[in-house]
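Residue numbers (the numbering used here): 3 to 484.
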């Protein structure tokens, strides 16, 4: 990553009457990235495709072992190192080998969202793998536990495997943090005998409460499509492909209830609405179509005002061939699955209104691997932080965002040689690192007797040396090659 600033070089042009000074301005850019927890830094999906977001600039991975036609999930530890990934049927460890007890899970790789992985509150080693199978009579919503203490740290599914939660189920599942920032709501859509409901299950340090909070939805034919929560935890959107619509709900992350539905219609047929994602600031909703030969992506402005105004705010921000899921990434961009392509589409500025969000259909090359319909699903983090200026000697600037009312913060810059400056309680601190290299910066936010920790690895670069060569004198009409 380059350092910010401008550098000026001079080339002299001499004539009998005057000297011309030609100035070259070199502008090196810094990327300001909004990072969530590092658990989502490595993705595996599609036909052995993958992406590594560690280091800020995404890198295509080609070492995956999974074929996932639709849904999938992956998880890293808090440093961004891969732990495992799944298609809802098998669980692969970080060596890309199926765990000894990791086969036979009762999800389906042809389910829109076959799985989501959530770390058990209060544990550093137990992960819940929630699986969901296809529409119609099915295996229902279940969970299995992965214990990372097993198999010498590579992890394995323990005896809590394929525990039934509810059946039948739809193809949708998401996880949203509770208002207490410790527990999680696991939310799914249930279609049974002509009626549709949403079930919210609370996951705490004592396990999963099997008694759901139930909210009434509208009638649909089947449950193909994605279900997502906004980063601020206040909204849920669901794509109902069979009904050719999208529903947006308010979500109470204290009670688990959905309410105040707004319905968006008029998507392409056949295919229709499939993928769902919110902008990082939770102000914009994106919907992707599954239709062929043209799949559109739409943006809705959730700050437009009334329900009618929000519906009428729809903007087509891009299109491609047959499309699939859309997913917010750690680099603060939204990625778009393009079926049978070796590129993903990318919404580069998803907080920006209209076409200024900058959708690029061939936005990310998968190094020859192939995308299918799905991208991995993750829960949204509560607190995250941005940072800028990574050159040695620069004043590195930090800031955090959280939808909670925060009582205080504590930063640790992993720079003990800076003495008392290594710790800060400022909301927007400035730190001058004492050396180049890698530093693991942590932010602890405190609120209502609870806390949340975000960490990110940053690299302080040496000051770049710009060499334009020796000063050169040349006459009018002569040519100089740099």
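Backbone N, C-alpha and C define an ideal beta-carbon position, used for all residues, glycine too.
Cα-Cα separation, residue i to residue j
{"i": "residue 226", "j": "residue 330", "result": "20 Å"}
{"i": "residue 443", "j": "residue 78", "result": "17 Å"}
{"i": "residue 360", "j": "residue 319", "result": "8 Å"}
{"i": "residue 62", "j": "residue 85", "result": "18 Å"}
{"i": "residue 187", "j": "residue 55", "result": "26 Å"}
{"i": "residue 296", "j": "residue 338", "result": "14 Å"}
{"i": "residue 466", "j": "residue 400", "result": "22 Å"}
{"i": "residue 416", "j": "residue 424", "result": "7 Å"}
{"i": "residue 8", "j": "residue 168", "result": "Reliability fails at residue 8, whose pLDDT of 31 lies under 50, so the model's placement of it is uncertain and the value that follows must be treated cautiously. Cα-Cα distance, rounded: 60 Å."}
{"i": "residue 395", "j": "residue 288", "result": "40 Å"}
{"i": "residue 414", "j": "residue 426", "result": "7 Å"}
{"i": "residue 264", "j": "residue 302", "result": "12 Å"}
{"i": "residue 82", "j": "residue 44", "result": "7 Å"}
{"i": "residue 440", "j": "residue 198", "result": "50 Å"}
{"i": "residue 178", "j": "residue 464", "result": "40 Å"}
{"i": "residue 455", "j": "residue 472", "result": "51 Å"}
{"i": "residue 180", "j": "residue 323", "result": "38 Å"}
{"i": "residue 310", "j": "residue 182", "result": "33 Å"}
{"i": "residue 315", "j": "residue 355", "result": "10 Å"}
Exposure label - residue i; buried when at least 16 CB within 10 Å
{"i": "residue 35", "result": "Per-residue confidence for residue 35 stands at a pLDDT of 30, beneath the threshold of 50, marking its modelled position as unreliable; no derived number is given."}
{"i": "residue 212", "result": "exposed"}
{"i": "residue 477", "result": "exposed"}
{"i": "residue 40", "result": "buried"}
{"i": "residue 252", "result": "exposed"}
{"i": "residue 60", "result": "buried"}
{"i": "residue 114", "result": "buried"}
{"i": "residue 119", "result": "buried"}
{"i": "residue 272", "result": "exposed"}
{"i": "residue 308", "result": "exposed"}
{"i": "residue 437", "result": "exposed"}
{"i": "residue 409", "result": "exposed"}
{"i": "residue 380", "result": "buried"}
{"i": "residue 305", "result": "exposed"}
{"i": "residue 486", "result": "Only positions 3 to 484 of the chain appear in this structure, which leaves residue 486 out of reach."}
{"i": "residue 105", "result": "exposed"}
{"i": "residue 248", "result": "buried"}
{"i": "residue 422", "result": "exposed"}
Residue i and residue j closer than 7 Å at C-beta
{"i": "residue 298", "j": "residue 291", "result": "yes"}
{"i": "residue 429", "j": "residue 411", "result": "yes"}
{"i": "residue 149", "j": "residue 160", "result": "yes"}
{"i": "residue 313", "j": "residue 266", "result": "yes"}
{"i": "residue 42", "j": "residue 352", "result": "no"}
{"i": "residue 201", "j": "residue 216", "result": "yes"}
{"i": "residue 550", "j": "residue 111", "result": "Since the displayed the chain opens at 3 and closes at 484, residue 550 lies outside it and no answer follows."}
{"i": "residue 245", "j": "residue 222", "result": "yes"}
{"i": "residue 492", "j": "residue 107", "result": "With the chain running from 3 to 484 in the structure shown, residue 492 is simply not present."}
{"i": "residue 87", "j": "residue 130", "result": "no"}
{"i": "residue 95", "j": "residue 52", "result": "no"}
{"i": "residue 123", "j": "residue 184", "result": "yes"}
{"i": "residue 190", "j": "residue 171", "result": "yes"}
{"i": "residue 282", "j": "residue 350", "result": "no"}
{"i": "residue 341", "j": "residue 365", "result": "no"}
{"i": "residue 214", "j": "residue 203", "result": "yes"}
Residue closest to residue i, alpha-carbon to alpha-carbon, out of the options
{"i": "residue 92", "options": "82, 413, 117 and 81", "result": "117"}
{"i": "residue 242", "options": "257, 235 and 278", "result": "278"}
{"i": "residue 261", "options": "238, 366, 114 and 401", "result": "238"}
{"i": "residue 458", "options": "402, 448, 327 and 168", "result": "402"}
{"i": "residue 392", "options": "379, 433, 309 and 296", "result": "433"}
{"i": "residue 72", "options": "460, 220, 454 and 173", "result": "173"}
{"i": "residue 293", "options": "311, 305 and 321", "result": "321"}
{"i": "residue 269", "options": "300, 104 and 205", "result": "300"}
Contacting residues, own chain, Cβ-Cβ under 8 Å from residue i (five flanking each side not counted)
{"i": "residue 236", "result": "252, 253, 255, 284 and 405"}
{"i": "residue 367", "result": "62, 344 and 345"}
{"i": "residue 448", "result": "408, 409, 410, 411 and 412"}
Cβ neighbours of residue i in the same chain (closer than 6 Å, five flanking residues each side left out)
{"i": "residue 163", "result": "146"}
{"i": "residue 18", "result": "Confidence at residue 18 is low in this model, with a pLDDT of 33, below 50, so the placement of that residue should be treated as unreliable; the coordinate-derived value is given next. Counting only Cβ-Cβ distances below 6 Å, and skipping sequence neighbours, we find nothing."}
{"i": "residue 153", "result": "none"}
{"i": "residue 357", "result": "319"}
{"i": "residue 2", "result": "Examination of residue 2 is not possible in this model, given that the chain is present from 3 through 484 alone."}
{"i": "residue 232", "result": "280 and 284"}
{"i": "residue 362", "result": "348"}
{"i": "residue 250", "result": "239 and 264"}
Close Cβ partners of residue i (< 7 Å) along its chain, the five nearest in sequence each way excluded
{"i": "residue 49", "result": "69, 371, 372 and 374"}
{"i": "residue 98", "result": "65, 66 and 67"}
{"i": "residue 166", "result": "142 and 144"}
{"i": "residue 109", "result": "90, 91, 116, 117, 133, 134 and 135"}
{"i": "residue 418", "result": "424"}
{"i": "residue 258", "result": "187, 202, 204 and 215"}
{"i": "residue 57", "result": "none"}
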